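J.:
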Amino acid sequence: MANGTNGIALGMIETRGLVPAIEAADAMTKAAEVRLIGREFVGGGYVTVLVRGETGAVNAAVRAGADACERVGDGLVAAHDSSALRCSD
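Our numbering numbers the first residue of the sequence shown as 594 and each following residue consecutively.
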């Protein structure tokens, strides 16, 4: 990326239920310097949590969020980090 930066990335975690989504969001924002940019209630009890930040931070946050979901139970549906998605300012 320009100026030697890692770039800005988007990370997403999709969960079954609100409790795993809250756990994931909490873990993601505590694990790395990312900004929680939203959550979407997809329907059927599915919730997607979105974070944004530098590529390395997003990768770490998504891993932490996925781990938190697995500790809560069978809540993790999918975790997508910056290797799949990139966004610009």
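A virtual CB, placed ideally from N, CA and C, is assigned to each residue, including glycine. Note that this is a predicted model, so its numbers are computed, not measured.
1) State the Cα-Cα distance for the pair residue 650 and residue 627, rounded to the nearest angstrom.
2) Tell me whether the region 635 to 645 and the region 603 to 611 touch, counting them as touching only if at least three CB pairs, one residue from each stretch, are closer than 8 Å.
3) With residue 629 and residue 618 assumed to form a contact (beta carbons below 8 Å), what rounded beta-carbon distance in angstroms separates them?
4) Please state if the CB of residue 624 and the CB of residue 654 are separated by a distance shorter than 7 Å.
5) Identify whether residue 671 lies in helix, strand or coil by the three-state DSSP scheme.
6) Mind checking residue 664: buried by the 16 CB within 10 Å criterion, or exposed?
T.: On the basis of the coordinates in this document:
1) As a working mapping, residue 650 is identified with position 57 in the sequence shown. As a working mapping, residue 627 is identified with position 34 in the sequence shown. If you take the alpha carbons of residue 650 and residue 627, they lie about 6 Å apart.
2) Under the three-pair Cβ rule at 8 Å, the region 635 to 645 counts as touching the region 603 to 611.
3) The residue you call residue 629 lines up with position 36 of the sequence shown. The residue you call residue 618 lines up with position 25 of the sequence shown. Sure, about 6 Å apart at Cβ, within 8 Å.
4) The residue you call residue 654 lines up with position 61 of the sequence shown. The residue you call residue 624 lines up with position 31 of the sequence shown. Going by C-beta atoms, residue 654 is nearer than 7 Å to residue 624.
5) Counted from its first residue, the sequence shown places residue 671 at position 78. Residue state, collapsed to three classes: strand.
6) Translated into positions along the sequence shown, residue 664 becomes position 71. Residue 664 is exposed by the Cβ-count criterion.
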